[in-house]
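In the numbering used here, the protein residues as written are 1125 to 1243. We put the CB at the ideal spot given by N, CA and C, even for glycine.
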């Protein structure tokens, strides 16, 4: 079985994004329908099924049956999953602010292309 650590390492970006979206959709309880989370993360069904299986195997998410609609599955973030998201958010807060890239081409005044194309 594929484990989350094999995707991008423990606490990898893929699993963290799914956990953050699950917490966003699930509110304080951190419980949301599997299909809603998959759509919010824009994953195809097979890829998301493998990712959820890895998250469950690593103890970051629990898969439950929806008692109101037995055809639907629910995902619930575990305490380990919450801790991982908390650590991820803390690490984001420590990143320095990076200005957006300047996409304009830097042209020196003596650049031969400038003279040739009238720039």
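Unbroken alpha helix (DSSP H) stretches of 4 residues or longer found wholly inside the segment 1169 to 1194: 1169 to 1181, given in chain order. In this chain, residue 1198 is not harboured by any alpha helix (DSSP H); it is covered by the beta strand (DSSP E) spanning 1197 to 1201. By the criterion of at least three beta-carbon pairs nearer than 8 Å, the segment 1169 to 1177 is not in contact with the segment 1148 to 1156. Taking one beta carbon from each stretch, the segment 1196 to 1203 and the segment 1211 to 1218 have fewer than 3 pairs nearer than 8 Å; the two do not touch. Where residue 1156 is concerned, the enclosing beta strand (DSSP E) starts and stops at 1155 to 1157. The criterion of a C-beta distance shorter than 8 Å is not satisfied by residue 1187 and residue 1178.
Per DSSP, residue 1151 lies in no alpha helix (DSSP H) and is assigned neither H nor E. The beta carbon of residue 1164 sits closer than 8 Å to the beta carbons of 1145, 1148 and 1149 from its chain, once the five residues preceding and following it are set aside; these are given in chain order.
Burial is judged here by how many other beta carbons sit within 10 angstroms of a residue's own beta carbon; residue 1139 has at least 16 and is buried. In terms of Cβ geometry, residue 1143 and residue 1210 do not form a close pair [threshold 8 Å]. In the three-state DSSP reduction, residue 1234 falls in the coil class, being neither helix nor strand.
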